[in-house]
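Be aware that the sequence shown starts at 6, since it is given in this note's numbering, and climbs by one per residue.
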Amino acid sequence: LAPVTVRNPSSVSVSDGSETTVRYRSGELELSASEVADFVTVRGAGEAPEDRGLRVKATLEALGAALSDLGLEDTGEDPRDLGAFLIRWSMADHSFVSLPVDPVAFEGSYLYRPNGLAIIDELSGLVPFPASAFAGQRPRARILNGTTDTDAASRVASQVAALGAEIATVGNAAAFDADATTVLYSDEAFAPVAERIAEFLGAEATRVEEVSDATDIDIELGADLAL
6 LAPVTVRNPS
16 SVSVSDGSET
26 TVRYRSGELE
36 LSASEVADFV
46 TVRGAGEAPE
56 DRGLRVKATL
66 EALGAALSDL
76 GLEDTGEDPR
86 DLGAFLIRWS
96 MADHSFVSLP
106 VDPVAFEGSY
116 LYRPNGLAII
126 DELSGLVPFP
136 ASAFAGQRPR
146 ARILNGTTDT
156 DAASRVASQV
166 AALGAEIATV
176 GNAAAFDADA
186 TTVLYSDEAF
196 APVAERIAEF
206 LGAEATRVEE
216 VSDATDIDIE
226 LGADLAL
């Protein structure tokens with residue numbers, strides 16, 4: 006794919022402590038294969054993380070367009086193959102989101118720590134029902150409707166997912182006369198997500214000893230649901 010033409014949104018300067026020089030000017034650039042990795046990873050002097058993110062965006066778009074023009078097909082043989090990922094990515098609708106971070110003071114400057122809860126909120130609109138990338142990443146939640154309100158489960162499902170759960174099952178409870186909403190979880194590791202869900206539903210999260218092979222958090226909606 007090299008060279009690849011990229012539109013750089015702002016110039017990138019680097020400093021060796023005594024002198025600051027421009028490494029990449031703003032505007033249209035033609036990058037060699039050896040320059041691409043440096044272009045997306047270099048930290049410019051005084052540069053905000055958001056600006057580096059814009060460079061990554063511009064580079065991925067340029068690489069995706071170049072791959073699309075070549076008409077290559079994704080074999081799917083190796084999920085770690087960046088080229089295969091870019092082929093799939095360039096052929097589908099896509100968008101870029103700057104994930105929320107919190108500044109942390111460090112040696113007279115700042116590091117940026119990902120804000121997990123804010124990231125969940127940010128991504129919930131893009132991926133309304135995310136699945137775990139690996140076992141245990143998200144607790145599996147089962148939502149059962151114990152009321153005669155037929156829309157109750159569908160109203161809360163997306164927010165339950167946004168609070169950190171993977172929706173495994175949505176269905177009806179054994180009966181439709183539950184007075185109170187309950188949130189049960191089986192492992193202490195799932196307590197933070199279970200407690201956020203319980204707070205959202207106006208209930209309390211309770212740990213139980215029974216461990217299910219199918220779900221990690223069981224939610225039964227009752228008549229006290231005010232959503």
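Glycine included, every Cβ here is placed at the ideal spot set by N, Cα and C.
#### Entry: Whole-number beta carbon distance between alanine 50 and threonine 25, since they are thought to touch under 8 Å
Contact holds; Cβ gap of about 5 Å.
### Task
Specify whether the segment 176-183 and the segment 143-158 touch according to this definition: at least 3 beta carbon pairs, one from each stretch, less than 8 Å apart.
Result yes; three or more Cβ-Cβ pairs closer than 8 Å.
### Query
Sorted by chain position, which residues of the same chain lie with C-beta nearer than 6 Å to valine 109's C-beta, five sequence neighbours on each side aside?
Leu116, Arg118
### Message
Less than 8 Å between C-beta atoms, sequence neighbours within five positions excluded: which residues of the same chain meet that for valine 165?
### Response
Ala146, Ile148, Ile172, Ile202, Phe205, Ile224
### Message
Can you give me the C-alpha to C-alpha distance between aspartate 43 and alanine 185, rounded to a whole angstrom?
### Response
57 Å
### Query
Assuming arginine 212 and alanine 228 make a contact with CB atoms under 8 Å, what is their CB distance in whole Å?
In fact, because the Cβ distance is near 24 Å, the residues do not count as touching under 8 Å.
### Message
Contact defined as beta carbons within less than 8 Å: I believe alanine 162 pairs with isoleucine 125. What is the distance between those atoms, to the nearest angstrom?
### Response
With a Cβ gap of about 15 Å, alanine 162 and isoleucine 125 do not count as contacting.
### Task
Classify phenylalanine 90 as helix, strand or coil using the three-state DSSP reduction.
If DSSP states are grouped into helix, strand and coil, phenylalanine 90 belongs with the helices.
### Query
Does the Cβ of alanine 157 have 16 or more other Cβ atoms within 10 Å, making it buried, or fewer, making it exposed?
buried
### Query
In chain order, what residues of the same chain have a beta carbon less than 6 Å from the beta carbon of leucine 72, not counting five sequence neighbours either side?
Leu91, Ile92, Ser95
### Query
Does DSSP put alanine 173 in a helix, in a strand, or in coil?
strand
### Query
Closest by CA to aspartate 98, which one among Ala70, Leu75, Val106, Tyr29?
Ala70
### Message
Suppose the cutoff is 8 Å on Cβ atoms and the five residues either side in sequence are ignored; what does the same chain contact list for serine 159 look like?
### Response
Val175
### 4 or more residues per run - each alpha helix (DSSP H) lying fully within the segment 192-219
196-206
### Query
Who are the Cβ neighbours of proline 133 in its own chain at under 6 Å, not counting the five residues just before and after it?
Within the same chain, proline 133 has close Cβ partners Ser163.
### Query
For the segment 96-161, which segments carrying the alpha helix (DSSP H) assignment without a break, of at least 4 residues, lie completely within its bounds, in sequence order?
121-129
### Message
Please state the DSSP three-state secondary structure of alanine 60.
### Response
Note on identity: in this sequence residue 60 is arginine, with alanine being the wrong assignment. Helix at arginine 60.
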